[in-house]
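Peer 1: 171 is the number of the first residue of the sequence shown in my numbering; add one for each residue after it.
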Amino acid sequence: MDYETHYADLVYLVNGDLAVCRYRFFLVNTDPKQVIVQIDNHRGPKNVLVTDYRARDTILNRIADRELMGIPFDMLCVALTNDGTHHILFVEPDLEDYVHRGFPYERSPEPAARGRHVERISIDSRNLVIGRARILTAHATPTPAAADLASVLDRPVAG
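(1) The alpha helix (DSSP H) spanning Ser-321 covers which residue range?
(2) What is the DSSP secondary structure of Asn-211, counted as helix, strand or coil?
(3) Output needed for Asp-253: all residues of its chain with C-beta closer than 7 Å, excluding positions within five of it in sequence on either side, in chain order.
(4) If you measure between the beta carbons of Glu-276 and His-287, is that distance less than 8 Å?
(5) By the DSSP assignment, the alpha helix (DSSP H) with Ile-227 in it spans what residues?
(6) Note the first and the last residue of the continuous alpha helix (DSSP H) segment covering Asp-267.
(7) On the three-state DSSP scale, how would you describe Arg-194?
(8) Among Asp-179, Asp-172, Leu-323 and Thr-175, which has the Cα closest to the Cα of Ile-258?
(9) For Ile-206, list the residues DSSP reports as bridge partners.
(10) Hey, is the region 226-243 in contact with the region 177-187, meaning 3+ C-beta pairs nearer than 8 Å?
(11) Cα-Cα, which of Phe-243, Ser-278, Glu-289 and Ser-295 is closest to Arg-304?
(12) What is the DSSP secondary structure of Val-261, reduced to helix, strand or coil?
(13) Mind checking which residues open and close the beta strand (DSSP E) that includes Arg-277?
(14) Leaving out five residues before and five after Ile-233 in sequence, what residues of the same chain have Cβ atoms less than 8 Å from its Cβ?
(15) Skipping 5 residues on each side, what residues in its chain have a beta carbon closer than 7 Å to that of Asp-172?
(16) For Leu-219, which of helix, strand or coil comes out of DSSP?
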């Protein structure tokens with residue numbers, strides 16, 4: 171890892187109860203460049219970050235709005251930690267939100283079934299950066315972290 175930060179706490183609401191997670195960043199400047207955000211379910215319901223995409227998306231978007239503006243979506247990797255177990259998750263942009271915010275895209279009609287046309291939307295990937303669209307993880311499947319990454323995520327905060 172080229173750089174790692176200290177943990178920051180984040181208070182959130184889940185199922186009407188207050189909970190606390192903490193997060194930190196790891197920056198990797200090798201190819202491919204990556205920003206890994208580790209979210210530790212510090213004082214939240216067990217496995218809520220792995221099983222509840224709504225809570226996860228709320229937390230990720232708060233972190234993104236505060237810390238990650240301008241980072242390309244394809245550089246972001248999320249590590250979810252619960253009781254020493256790590257899961258990796260890759261995020262996707264909310265394209266409807268991107269269009270709604272008025273950022274550049276191209277429309278082109280395309281033939282569909284029964285003589286109808288649908289509208290295809292094309293977005294230059296250089297424009298897909300955090301801050302231009304919300305983060306979605308509803309379709310992502312958390313997978314166990316590889317052993318080498320897990321050992322990095324287990325490291326105590328550098329001092």
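Even glycine gets a Cβ: it sits at the ideal position worked out from N, Cα and C.
On a predicted model such as this, the values are computed, not experimentally measured, just so you know.
Peer 2: Let me spell this out:
(1) Boundaries of the alpha helix (DSSP H) around Ser-321: 317-323.
(2) Judged by DSSP in its simplified three-state form, Asn-211 adopts strand.
(3) None.
(4) No. Outside cutoff.
(5) Residue identity differs from the one stated: residue 227 is Asp in this sequence, not Ile. DSSP places Asp-227 in the uninterrupted alpha helix (DSSP H) bounded by 223-237.
(6) Membership of Asp-267 in the alpha helix (DSSP H) is indicated by the continuous run 265-270.
(7) Strand.
(8) Comparing alpha-carbon positions, the option among Asp-179, Asp-172, Leu-323 and Thr-175 lying closest to Ile-258 turns out to be Leu-323.
(9) Per DSSP, Phe-196 and Cys-247.
(10) Segments in contact, yes.
(11) That would be Phe-243, whose Cα lies nearest to the Cα of Arg-304.
(12) Here DSSP, grouped into helix, strand and coil, assigns Val-261 to coil.
(13) Annotation for Arg-277: the continuous beta strand (DSSP E) segment containing it runs 276-281.
(14) Leu-180, Tyr-193, Val-207 and Ile-209.
(15) The beta carbon of Asp-172 is closer than 7 Å to those of Leu-197, Val-198 and Asn-199 in its chain, skipping five residues each way along the sequence.
(16) Helix.
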